[in-house]
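Residues in the sequence shown are numbered from 1 upward in steps of one, following my numbering. Below: one structure, written as structure tokens.
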Amino acid sequence: VLAVAALHLGRWDDAKAFAVEGTAVSERTGSTRFAVTMRMVQAWIALEAQRYDEAQRLSVGDRALAESGGWVNARQMSLLFGGASALALGRLTDAAADLEQLRDWHARERIVMDWYWEAQLHAYLAELWLRRGDLERATIEASAARQAANATPERTWRSRSQVASAVVAIER
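Now the structure itself:
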């Protein structure tokens, strides 16, 4: 919780220190699930700090473990942050694979914390479709990002969804 709070405050060094300590404690106590989740938080911090290679490495490093363990939140984070970091690195095929897999999963079933990640997912998909030159799909995703963000109290997600919509509108 402290790592996420520091992340939202833009205190990158504190956020990273809390997440690294959380990972170490989880590993010492044999809580693999929490260690994986804390590494996903580290990936999120790296993504927000624009350390995309690090975010990519952390996002995909434990994906198989998250999938085999049935740890849905860690798996969502892995797909979202892996896709977002691949997008930032210009690896559009990898980004599409991760982001579309997460979108399809959300469409099939309700998942723990899906409401929290939904707005970001659609904002990244809007960017992906813009970069691929499909303005129609980018518009649909930007609208979905706004709708998902407006359903939460998260101001950051609301702001980012508005930015995604504005960028798509400029391109139109």
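We put the CB at the ideal spot given by N, CA and C, even for glycine.
Who are the Cβ neighbours of residue i in its own chain at under 6 Å, not counting the five residues just before and after it?
{"i": "residue 98", "result": "79, 82 and 83"}
{"i": "residue 89", "result": "52"}
{"i": "residue 160", "result": "123"}
{"i": "residue 158", "result": "149"}
{"i": "residue 20", "result": "none"}
From the DSSP output, in three-state form, read off residue i for me.
{"i": "residue 101", "result": "helix"}
{"i": "residue 3", "result": "helix"}
{"i": "residue 30", "result": "coil"}
{"i": "residue 22", "result": "helix"}
{"i": "residue 151", "result": "coil"}
List the whole-angstrom C-beta distance separating residue i from residue j, where the pair is believed to meet the contact cut-off of C-beta under 8 Å.
{"i": "residue 66", "j": "residue 41", "result": "Wrong, their Cβ atoms sit about 13 Å apart, outside the cutoff."}
{"i": "residue 94", "j": "residue 106", "result": "Not confirmed; about 19 Å, so no contact."}
{"i": "residue 168", "j": "residue 126", "result": "6 Å"}
{"i": "residue 69", "j": "residue 33", "result": "6 Å"}
{"i": "residue 77", "j": "residue 129", "result": "Contact flag wrong, Cβ pair sits at about 22 Å."}
{"i": "residue 14", "j": "residue 6", "result": "4 Å"}
{"i": "residue 163", "j": "residue 111", "result": "About 26 Å separates the two Cβ atoms, so there is no contact after all."}
Can you give me the Cβ contacts of residue i inside the same chain, cut-off strictly under 7 Å, excluding the 5 residues immediately before and after it?
{"i": "residue 101", "result": "79"}
{"i": "residue 18", "result": "2, 3 and 6"}
{"i": "residue 54", "result": "46"}
{"i": "residue 104", "result": "none"}
(message) So within the segment 87 to 145, which uninterrupted alpha helix (DSSP H) runs reach at least 4 residues, ignoring any that extend past its ends?
(response) Counting whole runs of 4 or more residues, the segment 87 to 145 contains the alpha helix (DSSP H) stretches 92 to 108 and 114 to 131.
(message) Ignoring anything shorter than 4 residues, give me the alpha helix (DSSP H) runs that lie fully in the segment 45 to 93, in order along the chain.
(response) List check, alpha helix (DSSP H) in window: 52 to 61, 63 to 69 and 72 to 88.
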